[in-house]
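Chemist: My structure is below; once you've seen it, I'll send some questions.
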Amino acid sequence: MLPPGVTAQEISYRSGRKQVIYTAPYPSEGPILVQDLLGRQAWMFMYAHFVFTWAEGAVQVQVSHGTLSGPKMPLWKGISIPAYWSGPALAEFGRAWALEQMSGGRGTPAAVSI
157 MLPPGVTAQE ISYRSGRKQV IYTAPYPSEG PILVQDLLGR QAWMFMYAHF VFTWAEGAVQ
217 VQVSHGTLSG PKMPLWKGIS IPAYWSGPAL AEFGRAWALE QMSGGRGTPA AVSI
């Protein structure tokens with residue numbers, strides 16, 4: 157019995173050899189609505205350890221590496237999001253953006269702030 161979300165797939169090599177590989181879904185958390193000490197709100201969502209933070213009233217998201225509850229390393233600032241401010245919109249955007257980033261099709265340079 158496989159864990160939830162894990163699938164088996166048989167692949168064939170040119171040599172004729174066959175092998176079963178297992179794929180698992182990327183980890184995901186949220187979206188959650190957070191508030192800082194000044195009362196400012198933001199939606200947060202994590203997919204494949206890309207953490208997306210979208211402040212209320214903003215038209216861009218910040219992207220970090222980490223988890224929602226753990227430490228985060230800033231990666232990208234100012235990624236435009238063409239949607240109405242909501243958790244589901246951030247989750248949909250985050251999933252699509254992360255998958256495009258990992259496929260190598262985006263080419264956005266990372267800017268790490270120290």
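Residue 157 is where the sequence shown starts when you use my numbering, and the numbers rise one by one after that.
Just so you know, even glycine gets a beta-carbon here, dropped at the ideal spot from N, CA and C.
None of these values were measured; they are calculated from a predicted model.
Between the beta-carbon of M200 and the beta-carbon of V190, is there less than 9 angstroms?
Modeler: Numbered from 1 along the sequence shown, position 44 holds the residue referred to as residue 200. Numbered from 1 along the sequence shown, position 34 holds the residue referred to as residue 190. Closer than 9 angstroms, so yes.
Chemist: From P187 to Q165, what distance separates their C-alpha atoms?
Modeler: Here residue 187 refers to the residue found at position 31 of the sequence shown. Here residue 165 refers to the residue found at position 9 of the sequence shown. So the two alpha carbons sit approximately 30 angstroms from each other.
Chemist: If contact is defined by three or more beta carbon pairs under 8 angstroms, each pair taking one atom from either stretch, is the segment 242-250 in contact with the segment 207-227?
Modeler: With a cut-off of 8 angstroms, the segment 242-250 and the segment 207-227 count as touching, because enough Cβ pairs lie within range.
Chemist: For M202, count neighbouring Cβ atoms within 10 angstroms of its own Cβ and tell me buried if that reaches 16, exposed if not.
Modeler: Here the question's residue 202 lines up with position 46 in the sequence shown. The residue in question, M202, is buried, as its Cβ has 16 or more Cβ neighbours within 10 Å.
Chemist: By a C-beta neighbour count over all protein chains shown, 10 Å radius and 16 as the cutoff for buried, is V217 buried or exposed?
Modeler: Residue 217 sits at position 61 when you count from the first residue of the sequence shown. V217 is buried by the Cβ-count criterion.
Chemist: How many angstroms separate the CA atom of S242 from the CA atom of G213?
Modeler: Within the sequence shown, the letter at position 86 stands for residue 242. Within the sequence shown, the letter at position 57 stands for residue 213. Using only the alpha carbons, I get a separation of about 11 angstroms.
Chemist: Rank R173, P159, E185 and M229 by C-alpha distance to the C-alpha of T179 and give the top, closest one.
Modeler: Counting from 1 along the sequence shown, the entry for residue 179 is found at position 23. Nearest C-alpha to T179: P159.
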